[in-house]
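Shown next, in structure tokens, is the structure this report addresses.
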Amino acid sequence: MARKDPKKDVVIVGLGWTGAILGMELAQEGLEILALERGEDRDTVPDFKYPNIADELKYGVRYDLMQRPSASTLTIRRTLDETALPYRQLGSFLPGNGVGGAGIHWNGHTWRPQPEELRLRSYTIERFGKQTIPEDMLLEDYPVSYEDLEPHLDRFEHVAGISGQAGNLRGKIIPGGNPFEGARSRDLPLPPMPQTYDANLFAEAAKAMGYHPFPRPGSIASKSYVNEYGMQMGPCNFCGFCERFGCYNYSKGSPQVCILDALKRKPNFSYKTDSEVLRVELAPDKKTATGVSYFDHKAGEEVFQPADLVILCAYSLHNVHLLLLSGIGQPYDPVTGEGVTGRGYAYQMNGGVKLFFKDKHFNPFIGTGSNGMVIDDFGMNQIDYAREGFIGGSYISTGTTNGQPIRSMSLPPGSPAWGQGWKDAVGEWYGHSMSIGSHGSCMSYRNCYLDLDPTYKDRFGRPMMRMTFNWNENDIRMTQFMRVKMEEIAKSLNPDIMQSSFKKSGAMYDVRPYQTTHNVGGNAMGADPKKSVLNRYLQAHDVHNVFVMGAGAFPQNLEYNPTGMVGGLAYWAAHALRTDYLRQPRSLV
Amino acid sequence: MSDQPLSDWKPTRRQFLTATAISTAIGALPLQLYAAQSAVVPLDQYKPEFLNEAEWAFVMAATARLIPSGGNGPGAHEAHVPVFIDRQLAGKYGEASDWYMEGPHDPSADPALGYQTPLTPAQIYRQGIKEINTWCTNKHGKQFAELEPAQQDDVLTGLQKGDVKLPAELRDFFTLLLGNTKEGYFADPMYGGNHKMLAWSYIGFPGARASFKEWADQYNVAYPLGPVSISGERA
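Heads up: the protein sequence lines correspond to chains S and H, in order. Mapping of the first sequence onto our numbering: position 228 corresponds to residue 228, and the numbering continues sequentially without gaps. Every position in the second sequence, counted from 1, becomes a number in our numbering once 1000 is added.
Right, here's the structure in full:
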């Protein structure tokens, strides 16, 4: 029989970025809060300390800070008639694990959505006509406007210590920033980082072609910084061990560096690790949650934790899994198009051009996760969808993040994979290449969704979640458009050798190579309860005391890395909870 | 970049540095922190933990073709890559302890759906080497390790291209072998390979230095310092 623990006002599921934000904000209301984290506890010391963290094999290749598929994974298929198979070892995406979650091992890229992206359906119809929307695309407006979110995007940027250059301050275009971004109410908290050689070459070439290069905004401190919670960051030293690693230098923003020590000092906040939530428990009428059931790995038993308010703050995929297992929202059915939970899973469409220069030294081991110069001249709000034949956009950038030789060894096309020829090539070409990358939108489609797998079970006997996802021709046309633009920039730099890598028509999703951990959708926010799980405050339409943070709320993906939007949405939802819901718990719309 | 060995240096085997929290660079750490090291033995005296005699002979022979000695840069043998592979297979990587290994399995699935064999990497090496040695004996009358280098290259090419057929459960063998060989060449020396950081010195990777603030905007200048390892070894 399950243990029953004393009731809490709030239970938070998952202690990464959004769990830390919601914990901090609600703790200031004096509520009794318990955060349940299924992984282990982690802190800068001892978990990320130097020199142990500078270990490519352990963290970069064997994924020591990531989710273990042996403990938790999902199944994947590309089409409705394929049999989904387990994602047995990590590859395409790398969910985090433990306190801090993926907020530990991210690169720090922190973007805002474009105002147009948040009303993409309306924008597309108004500008280009309804006929530009493919029949199988689930194109939606976000139920919040850029103006709604701006103060909260700004707040996250100031908590996470973003270095960068504003391009639009209160409507005024600022030279050296992104002229295509939405208006910012104030400048970023920290100036841009210095740029490496490759980024500088790209920026000069892009500028010469009439584009508008600007430094990538990132949660990588360019100077010492103290945020509103009194948490301190130190200036980054370009160590080159950022993505997949914890930061030993207190320079990369993370829940640990930016929030958690301040939160842990709150007497009304507590957290338990090794506590894996199995489902949200609902009242008999299914209109409210009574708490959560979790497995306490330390005690070896299941526990019922009653609470008045349940906030799901796990990784997007795990939030969707919990909703499906808990019966919150009708599961989506791609055949009928009915149902909401699991609807509209989307990913990210990226591509790249590698440039090899015999005579240039790039010292690729000198880098930060957010290093680089960017152009947004081919972003969502700069493309004529009707003329180009796709809905979408990308930003294009250059900047080394690491030169770790197992995973970051670029060799020219045709180099042997082994033998003396391979050995000669690594000696000749290591440190002599740079790349130009595109990072682009991925729309939601009728046949890309999440549901429960009919065959595979997890270690608790629960059905695994099943992902059905494949690349779509709309997004492939988008990335091929970027290829042409990027190859023009690359050629202007006169490399000795050049190699492009972009998805082509008919490309099938391959789960093996790392692509990106930007898994979005599945519990979309929206105005229409027939097409969305959450309302505009990230509150479940059907169960008013359940709120769900994270990128699962995106009705389709943005052109950008999601964390800035995820952080902004968390502060937006926290604000609604603090100023409205807590006074009178009910559905806020 | 210096390839000179440090005669008085005995790299760590499985010991981790336990002291100091934040430091600017490993060069600033006092060397006395790195006490209690066990000796690295020459490759021909290494006693494998996982691989049996025939398997060790195969791994020695195969890695010597995948990253040959001679010419530019160290070979797999100079870098002690076989030691790395043996230790990885003896540990949790070999057991696939982080991976989801429950059935049902479909090892013949589209490779783009990822690792689907029921076998662990250690089992794939064990069964794969046996299969390949049988194939070599049938074709050439000798096991892989006893073939001429050119014949060994042909077998490896056949495995790479799928012309030398292995059962579906073993189809990832060559990918694992080549991947592990490169890991052993470039990983920190504490895992047994990259002996004396020879591979890092060869390509110009400074290892665990991990502090380059003053270098970020020095353009097109080769970084001058050699590598350091996590245990403080220098080259």
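C-beta: ideal position from N, C-alpha, C; glycine also. Just so it is clear, the structure is predicted and the values come from calculations on it, not from any experiment.
**Asked** In chain C, which residues lie less than 7 Å from S/Asn363 when you measure between Cβ atoms?
**Response** Structure shown: chain C not included; protein chains present are S and H.
**Asked** What is the rounded straight-line gap between the Cα of H/Leu1166 and the Cα of S/Leu74?
**Response** 28 Å
**Asked** How is the beta strand (DSSP E) around S/Ser408 delimited, first residue to last?
**Response** Neither: S/Ser408 is in no beta strand (DSSP E) and is coded neither H nor E.
**Prompt:** For S/His109, does the three-state DSSP call read helix, strand or coil?
**Reply:** strand
**Prompt:** Can you list, in chain order, the stretches of the alpha helix (DSSP H) that have 4 or more residues and sit fully within the stretch 123-173 of chain S?
**Reply:** 146-159, all fully within the stretch 123-173 of chain S.
**Request:** Alpha carbon to alpha carbon, how far is S/Pro267 from S/Met349? Give it in angstroms, no decimals.
**Result:** 44 Å
**Request:** Run the CB neighbour count on S/Gln131, radius 10 Å, all protein chains shown included, and call it buried at 16 or more, exposed below.
**Result:** exposed
**Message:** Would S/Cys239 pass as an interface residue toward chain H - the criterion being a Cβ-Cβ separation below 7 Å?
**Reply:** Flagged as an interface residue toward chain H: S/Cys239, by a C-beta distance shorter than 7 Å.
**Request:** Please report how far the alpha carbon of S/Trp111 lies from the alpha carbon of S/Gly39, in whole angstroms.
**Result:** Straight-line spacing of the CA atoms in S/Trp111 and S/Gly39 works out to 28 Å.
**Request:** Write down every uninterrupted run of the alpha helix (DSSP H) in the stretch 191-248 of chain S whose length is 4 residues or greater and which is fully enclosed by it, in chain order.
**Result:** If only complete runs of 4 or more residues are kept, the stretch 191-248 of chain S shows the alpha helix (DSSP H) at 197-208, in order along the chain.
**Prompt:** With a cut-off of 7 Å, does the C-beta of S/Gly427 fall near any C-beta of chain H?
**Reply:** yes
**Prompt:** With S/Asp424 and H/Asn1194 assumed to form a contact (beta carbons below 8 Å), what rounded beta-carbon distance in angstroms separates them?
**Reply:** Incorrect: roughly 18 Å between the Cβ atoms, too far for contact.
**Message:** Our contact map puts S/Leu22 next to S/Ala570 with C-beta atoms below 8 Å; I'd like the distance itself, whole angstroms only.
**Reply:** Indeed they touch by this definition, with Cβ atoms about 6 Å apart.
**Item:** C-alpha gap between H/Leu1031 and H/Ile1203, whole angstroms
**Value:** Confidence at H/Leu1031 is low in this model, with a pLDDT of 42, below 50, so its placement is unreliable and no value can be given for it.
**Any beta strand (DSSP E) of 3 or more consecutive residues that is wholly inside the stretch 352-406 of chain S** = 373-375 and 394-398
**Asked** According to the Cβ coordinates, are S/Trp370 and S/Arg216 closer than 7 Å?
**Response** Contrary to the premise, residue 370 of chain S reads as Ser rather than Trp in this sequence. Contact flag set, yes.
**Prompt:** Which value, in whole angstroms, describes the spacing of the CA atoms of S/Leu188 and H/Gly1162?
**Reply:** Distance between the alpha carbons of S/Leu188 and H/Gly1162: 54 Å.
**Message:** Counting only C-beta atoms, is H/Asp1163 closer than 7 Å to chain S at any point?
**Reply:** no
**Prompt:** Taking 7 Å as the CB-CB limit, is S/Trp418 close to chain H?
**Reply:** yes
**Item:** Between the CA atoms of H/Ile1085 and H/Gln1152 - distance to the nearest angstrom
**Value:** Distance between the alpha carbons of H/Gln1152 and H/Ile1085: 19 Å.
**Item:** Where H/Glu1095 falls: helix, strand or coil (DSSP)
**Value:** coil
**Request:** Write down the C-beta distance between S/Ile53 and S/Tyr248 rounded to the nearest angstrom, noting that I regard them as a contact closer than 8 Å.
**Result:** 5 Å
**Prompt:** Are at least three pairs of beta-carbons, each pair with one atom in the stretch 3-10 of chain S and one in the stretch 246-266 of chain S, less than 8 Å apart?
**Reply:** no
**Request:** Mark S/Asp285 as exposed unless 16 or more other C-beta atoms lie within 10 angstroms of its C-beta, in which case mark it buried.
**Result:** exposed
**Asked** Excluding five sequence neighbours on each side, which residues of the same chain lie with their C-beta closer than 7 Å to the C-beta of S/Lys58?
**Response** Asp64
**Message:** DSSP three-state label for H/Phe1058, please.
**Reply:** helix
**Item:** Bridge partners - S/Leu450, DSSP secondary structure assignment
**Value:** DSSP lists S/Met467 as partners of S/Leu450.
**Request:** Let me know the secondary structure DSSP gives H/Phe1173 once reduced to three states.
**Result:** helix
**Asked** Using the C-alpha atoms, what's the distance from H/Ala1057 back to H/Val1155?
**Response** 15 Å
**Item:** 7 Å Cβ cutoff met for S/Gly372 and S/Ser397
**Value:** yes
**Message:** Counting beta carbon pairs with one atom in the stretch 445-455 of chain S and one in the stretch 466-474 of chain S, are three or more of them shorter than 8 Å?
**Reply:** Yes, since at least three Cβ pairs between the stretch 466-474 of chain S and the stretch 445-455 of chain S fall closer than 8 Å, the two stretches touch.
**Message:** Against chain S, with Cβ distances strictly below 7 Å, would H/Gly1094 count as a contact?
**Reply:** no
**Asked** Is the stretch 151-167 of chain S touching the stretch 184-201 of chain S, taking contact as three or more C-beta pairs under 8 Å?
**Response** yes
**Request:** State the start and end residues of the unbroken alpha helix (DSSP H) segment that holds S/Leu322.
**Result:** For S/Leu322, the enclosing alpha helix (DSSP H) starts and ends at Ser316 to Ser326.
**Spatially closest choice to H/Asn961 from S/Phe128, S/Trp418, S/Val335 and S/Asn319, by CA coordinates** = One cannot answer for residue 961 of chain H here, as it falls past the ends of chain H, which runs 1001 to 1235.
**Segment limits, beta strand (DSSP E) that includes H/Lys1130** = No beta strand (DSSP E) holds H/Lys1130; the alpha helix (DSSP H) holding it covers Pro1121 to His1140.
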